[in-house]
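Quick notes on the structure that follows.
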Amino acid sequence: MLSLRDTAFALDNPSGSWSLRQSLGVPTWPQPMPSGTVSVRDLAQRFSPAGTALRSLADGSVNLWSHIDRATVVAELRDRLRDPAIIRQNPTGLCGPISIVVEFARRRPVQYVLAAKQLLETGKLVCPTGRVIVAEAELRKEPVASGTIGQVDWLLAATMRDDENIWEDVDDDANGLETITLWGEERGWTRDVLDLPNGGWETCFVEGEVRCMRKAQDAVNAGGVAFFLIDANLIKNGGDDDEEPIHYRSSGHGARQAPSGFGGWVHSKDDDYPPDHWVIYLGGLNLGADPDDDDPVLFRVWSWGSEFELSGTVDAFSEYLYGVVTGTP
32 MLSLRDTAFA LDNPSGSWSL RQSLGVPTWP QPMPSGTVSV RDLAQRFSPA
82 GTALRSLADG SVNLWSHIDR ATVVAELRDR LRDPAIIRQN PTGLCGPISI
132 VVEFARRRPV QYVLAAKQLL ETGKLVCPTG RVIVAEAELR KEPVASGTIG
182 QVDWLLAATM RDDENIWEDV DDDANGLETI TLWGEERGWT RDVLDLPNGG
232 WETCFVEGEV RCMRKAQDAV NAGGVAFFLI DANLIKNGGD DDEEPIHYRS
282 SGHGARQAPS GFGGWVHSKD DDYPPDHWVI YLGGLNLGAD PDDDDPVLFR
332 VWSWGSEFEL SGTVDAFSEY LYGVVTGTP
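Counting in our numbering, the sequence shown runs from 32 upward without gaps.
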């Protein structure tokens, strides 16, 4: 049953009277709030189910985590229901699971909230496939890494990463061998957490970059997701370094704020090795049947709380691309 009360709780947690007009003035992403005449029913269909789940979390009392606060998690979830692109990983190396978490919030908001509730109260996340992701007692005693990463982001991403590890535990600032994610793990979370059974992974360390680009675009066209394994220098400022003909501009996201406009174009830092970063592919590639190395590409990715638009050539992008993971319904 749709509820305007739960819709308001998902968006704003009103303590008294609630203004729909004021709420609509706070941005949402990737689908903006409608302007002009608003269908309250459409708004409730979008946010009421997640609000119901969030209220259930807020009303709970069991918390197995020593350094995670329920009220903070609820507030952070509310901001992420509006705009999952605000999620940040700093100072951790949890780019793999963080990219999954952003798509989790974007594609499956009710399950995203319920996953946080499960982990907070039971220390386990039961996936739609039946897989159980467990937060060990040692992790639940760890302080959240000090930085811009949110408590709820740590709750989900640190658990996912730690559950995959055999020898190393996620601890301290979570920025070492214990945070490295390989393509098989990224694909496993895509299947199990995002509930996207079809798709796969492919690496292109030596060849196959164009094939990987096409797979990403095909997955997005089919209503699915794609994640690129890249050299992070692709989205770092290279200054006067102009070895590779590729540039980017970025739009930052912040809680309950309109995304910043895309700024000026910046030259990417020179490519390096090994690959060290997972980003979400948002779309835009338009490759011909047999693209030449110097054919232009223009596309968007998400990382570090920002959207990045990239412009360059097929060959230049190939220097930074090492793999793709896809998931489709």
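By construction, the Cβ of each residue, glycine as well, lies at the ideal position given by its N, Cα and C atoms. All of these numbers come straight from a predicted model, not from anything done at the bench.
So what does DSSP say about residue i, is it helix, strand or coil?
i	result
E233	strand
S282	strand
L227	coil
I311	strand
R287	coil
V57	coil
G22	As shown, the chain starts at 32 and ends at 360. That puts residue 22 outside it, with no answer to give.
V71	helix
G127	helix
Who are the Cβ neighbours of residue i in its own chain at under 6 Å, not counting the five residues just before and after it?
i	result
G294	R280
G82	D37, T38, F40, A41
D10	Residue 10 is absent from the model: the chain starts at 32 and stops at 360.
D43	S54
A347	E275, P276, I277
P45	A39
S79	L33, S34, D37, T38
Are the beta-carbon atoms of residue i and residue j separated by less than 7 Å?
i	j	result
H308	C126	yes
A84	V141	yes
P276	H284	no
C158	V256	no
L170	D203	no
S337	L329	no
G230	T359	yes
F258	I180	no
N196	E209	yes
G178	P128	no
P322	Y353	no
V163	H98	no
R111	A136	yes
W214	W232	yes
L150	T212	no
So does residue i have its beta carbon nearer than 6 Å to some heavy atom of the ligand SAH?
i	result
G254	The ligand SAH is not part of this structure, which contains no ligands at all.
Can you pull the DSSP bridge partners for residue i?
i	result
S46	The partner list for S46 (beta bridge, DSSP) is empty, contrary to what the question assumes.
W333	I311, E338
H298	H278
G358	G230, V256
T103	Paired residues: none, contrary to the question.
V345	BP columns for V345 are empty, so no partner.
L6	Since the displayed the chain opens at 32 and closes at 360, residue 6 lies outside it and no answer follows.
V369	With the chain covering only 32 through 360, there is no way to say anything about residue 369.
Going by beta carbon distance, what residues of the same chain come within less than 7 Å of residue i, once the five residues before and after it are set aside?
i	result
E167	D193
G315	L329, F330, R331
A145	In the sequence as displayed, the identity of residue 145 is Leu instead of Ala. Around L145: A84.
V105	L85, L88, A89
I361	Because residue 361 is not part of the residues shown, which for the chain are 32 to 360, the question remains open.
R375	An answer regarding residue 375 cannot be provided, because it is not within the stretch 32 to 360 covered by the chain.
Excluding the 5 residues flanking residue i on each side, which residues of the same chain have their C-beta closer than 8 Å to its C-beta?
i	result
G269	V297, H298, S299, K300, D301
W333	A116, S130, V133, V310, I311, L313, F339
Legend entry - Runs of beta strand (DSSP E) lying entirely within the segment 195-270, each at least 3 residues, in chain order: 229-234, 256-261
Inset, instruction - Go through the segment 131-202 residue by residue and report every complete run of the alpha helix (DSSP H) that reaches 4 residues or more, in order. - result: 140-153, 168-171, 182-195
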